[in-house]
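Everything on this sheet refers to the single structure shown next.
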Amino acid sequence: MLKWFLTGPDKPRIQDKAVVKKMYHTARIQAVTAMILGYGMYYVMRMTLGVAKKPMLQDGFTPTELGMMGAGMLVAIAIGKCANGFIADHCNIKKIVPLGLLGAAIVNAILGMSNTTWVFIVLWAVNGVFQSMGSAPCIVSLSQWFAKSQLATYYGVFSIAHYVGEGATYLGTSMIIVALGWHAAFFVPGVACIVLAFIMYRFMRDRPETYGLPSANEFEGEVAQEKKEQQVSTKEAQLMVIKNPYVWLLAAAAICLGISRYSISSWGVIFLQEAKGFDLVTAGSIMSLSPILGGVGSFFSGIISDKIFHSHHSVTTIVFGIVMLIGITGVCYVPAGDPTLAAACVAIFGFGLGVILCFVGGLLAVDLCPRKATGAAMGVIGLLAYGGAALQDIVNGILMDSAKVVVDGVTTYHFETITNFWIASVVIMTLLIVPTLWAKKHKEADEEA
Numbered sequence: 028m029l030k031w032f033l034t035g036p037d038k039p040r041i042q043d044k045a046v047v048k049k050m051y052h053t054a055r056i057q058a059v060t061a062m063i064l065g066y067g068m069y070y071v072m073r074m075t076l077g078v079a080k081k082p083m084l085q086d087g088f089t090p091t092e093l094g095m096m097g098a099g100m101l102v103a104i105a106i107g108k109c110a111n112g113f114i115a116d117h118c119n120i121k122k123i124v125p126l127g128l129l130g131a132a133i134v135n136a137i138l139g140m141s142n143t144t145w146v147f148i149v150l151w152a153v154n155g156v157f158q159s160m161g162s163a164p165c166i167v168s169l170s171q172w173f174a175k176s177q178l179a180t181y182y183g184v185f186s187i188a189h190y191v192g193e194g195a196t197y198l199g200t201s202m203i204i205v206a207l208g209w210h211a212a213f214f215v216p217g218v219a220c221i222v223l224a225f226i227m228y229r230f231m232r233d234r235p236e237t238y239g240l241p242s243a244n245e246f247e248g249e250v251a252q253e254k255k256e257q258q259v260s261t262k263e264a265q266l267m268v269i270k271n272p273y274v275w276l277l278a279a280a281a282i283c284l285g286i287s288r289y290s291i292s293s294w295g296v297i298f299l300q301e302a303k304g305f306d307l308v309t310a311g312s313i314m315s316l317s318p319i320l321g322g323v324g325s326f327f328s329g330i331i332s333d334k335i336f337h338s339h340h341s342v343t344t345i346v347f348g349i350v351m352l353i354g355i356t357g358v359c360y361v362p363a364g365d366p367t368l369a370a371a372c373v374a375i376f377g378f379g380l381g382v383i384l385c386f387v388g389g390l391l392a393v394d395l396c397p398r399k400a401t402g403a404a405m406g407v408i409g410l411l412a413y414g415g416a417a418l419q420d421i422v423n424g425i426l427m428d429s430a431k432v433v434v435d436g437v438t439t440y441h442f443e444t445i446t447n448f449w450i451a452s453v454v455i456m457t458l459l460i461v462p463t464l465w466a467k468k469h470k471e472a473d474e475e476a
């Protein structure tokens with residue numbers, strides 16, 4: 028049965044250049060669109076818990092229990108993303124990504140009918156297993172259909188998927204909760220995504236060679252790059268990833284990225300409610316600016332890095348790490364009751380995150396590794412990035428529980444220690460990127476040797 032997931036055999040090469048060009052154009056548009064919409068819905072399936080925290084607290088769940096739920100999912104994503112990254116280099120991506128969305132959708136629909144803590148903890152972790160089938164395989168598909176020189180641009184375009192899903196969650200889920208209750212926020216999108224998974228399967232693609240097409244590098248005339256890629260096998264390329272010290276340095280930075288990113292996405296709404304005095308819809312609306320501006324940042328990340336920073340991706344990452352730091356500091360210290368300033372700070376943070384996510388989230392590592400090991404590079408980064416994401420859910424839940432004060436039956440939460448944790452993660456992430464300024468020079472020297 029597992030053989031069903033493997034990539035298909037190469038078909039005889041199509042010789043008609045007009046047909047090849049048309050097939051490439053159609054496949055690229057359909058596959059990228061399907062991945063953006065489908066992977067965006069992956070995020071709806073994973074972020075409902077972050078928006079529904081307050082009504083779930085009111086129904087008897089505790090912050091520590093919610094933290095355990097979130098951590099369980101993120102640990103499952105971390106391990107699964109690493110495994111699926113290595114597996115995806117050998118597989119038909121069309122058969123992996125839609126299946127992950129289908130599984131996550133079924134889990135959400137079931138949770139929409141549950142009130143039991145242990146059921147949430149177990150099934151939210153199962154959700155994480157399915158969630159891990161999205162990102163790394165999608166990037167493998169991009170590397171198969173776009174030449175090495177195009178990857179930064181289209182990686183940025185694809186990365187708006189994160190923010191399509193986050194924006195839909197913050198706005199749509201908040202409205203569903205207000206209108207129908209928090210159970211419906213799991214059930215309704217879950218049912219919708221079951222249908223979407225089958226649509227996604229229809230439009231995604233296996234490798235170009237399985238349709239009788241040339242590789243993306245060859246199609247774009249990058250013959251030298253293709254010859255270089257063919258010099259190593261997939262297993263050899265994956266071993267090169269494991270041995271590359273810069274990949275592990277980027278993975279350490281990804282831990283801090285996971286902490287800062289998911290601290291805001293998972294705890295930002297309740298932080299704005301409890302610490303800044305906003306109602307759920309206002310807090311959700313403010314937080315929706317993060318994915319919106321993040322989408323803009325991701326879309327233009329490749330262009331910004333190539334045109335402004337002359338393809339010095341590490342420099343781009345450091346600059347926008349500082350932008351992230353300005354934004355998250357503003358979010359933490361903005362005066363209570365000032366939605367305009369809070370929205371501006373969230374927007375700054377979101378834009379910086381959007382750019383950073385493309386590079387620390389995988390592109391810097393992918394750029395240092397052979398195309399045949401794209402999934403492996405993404406898997407290593409994803410393992411530690413989601414390890415950091417899981418860590419923040421546990422730490423934030425414990426810190427929030429330990430900082431609560433109950434007076435006359437009214438519970439108040441304090442966030443001073445939590446916000447210091449958030450800010451420190453961005454500072455450390457940015458510092459860890461600095462050594463990668465020399466990574467590409469070392470790679471070129473090794474290739475010449």
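If you count by the working numbering, then the sequence shown holds residues 28 to 476, one letter each, in order.
Beta carbons are placed, not taken as given, at the ideal position from N, Cα and C, and that holds for glycine.
Values in this document were obtained by computation on a predicted structure and should not be read as measured data.
The alpha helix (DSSP H) enclosing residue i, as first and last residue numbers
i, result
"Glu245", "243–246"
"Ser293", "272–301"
"Val71", "44–78"
"Met202", "201–207"
"Thr367", "366–385"
"Leu178", "178–185"
"Leu5", "In the structure displayed, the chain extends from 28 to 476; residue 5 sits before or after that span and is not available."
"Ala392", "391–394"
CB of residue i within 8 Å of CB of residue j, strictly
i, j, result
"Ile482", "Val461", "Residue numbering for the chain in the displayed model covers 28 to 476; residue 482 lies beyond these limits and cannot be assessed."
"Gly127", "Met160", "yes"
"Asp420", "Leu101", "yes"
"Asp233", "Thr34", "yes"
"Leu352", "Ala179", "no"
"Ile166", "Thr444", "no"
"Met63", "Phe185", "Residue identity check: residue 63 is Ile in the sequence provided, not Met. Yes; because the gap between Cβ atoms is below 8 Å, this pair is in contact."
"Ser287", "Met456", "yes"
"Leu284", "Gly183", "no"
"His176", "Glu249", "Reading off the sequence, residue 176 comes out as Ser, not His. Cβ atoms of Ser176 and Glu249: closer than 8 Å."
"Leu459", "Ala280", "yes"
"Ile313", "Leu299", "yes"
"Val422", "Phe442", "no"
For residue i, the nearest candidate out of the options (CA to CA)
i, options, result
"Pro272", "Met96, Gly130, Trp465", "Trp465"
"Gly388", "Lys44, Cys372, Val407", "Val407"
"Asp43", "Gly364, Gly239, Phe442, Gly357", "Gly239"
"Ile291", "Gly208, Val274, Ser315", "Ser315"
"Ala152", "Ile221, Met140, Val134, Gly217", "Val134"
"Lys431", "Val268, Asn244, Ala302, Met405", "Ala302"
"Ala105", "Met202, Met140, Tyr70, Met405", "Met405"
"Gly87", "Thr143, Ala110, Ala451, Thr343", "Thr143"
"Pro216", "Ala136, Val453, Ala279, His441", "Ala136"
"Ala374", "Pro366, Ala363, Gly354", "Gly354"
"Ile41", "Met231, Met83, Pro241, Ala132", "Pro241"
"Val205", "Pro82, Val393, Leu380", "Pro82"
"Thr261", "Gly424, Ala403, Val422", "Ala403"
Cα-Cα separation, residue i to residue j
i, j, result
"Val259", "Asp116", "13 Å"
"Ile335", "Phe225", "40 Å"
"Tyr228", "Met95", "32 Å"
"Val361", "Val350", "16 Å"
"Gly65", "Ala188", "8 Å"
"Ala476", "Met267", "Annotation note: pLDDT 47 at Ala476 (below 50); position unreliable, no value reported."
"Phe173", "Val124", "18 Å"
"Ser338", "Ser332", "5 Å"
"Thr196", "Gly77", "9 Å"
"Cys385", "Ala264", "22 Å"
"Ala58", "Cys118", "16 Å"
"Gly130", "Gly192", "17 Å"
"Gly155", "Arg73", "8 Å"
"Ala79", "Pro397", "42 Å"
"Trp294", "Gly194", "15 Å"
"Leu29", "Ile114", "11 Å"
"Thr367", "Gly199", "21 Å"
"Val323", "Ala371", "15 Å"
"Met202", "Pro39", "52 Å"
"Val453", "Ala278", "14 Å"
"Glu245", "His340", "25 Å"
"Tyr289", "Glu247", "38 Å"
Subject >> 3-residue-minimum beta strand (DSSP E) runs that sit fully inside the region 397–471, ordered along the chain >> reply: 431–434, 437–440
*asked:* What ranges does the beta strand (DSSP E) occupy inside the region 305–348, keeping only unbroken runs of at least 3 residues that lie completely in it?
replied: none
*With a floor of 4 residues, list each alpha helix (DSSP H) that falls wholly inside the region 107–169, ordered by position along the chain.*
124–138, 144–158
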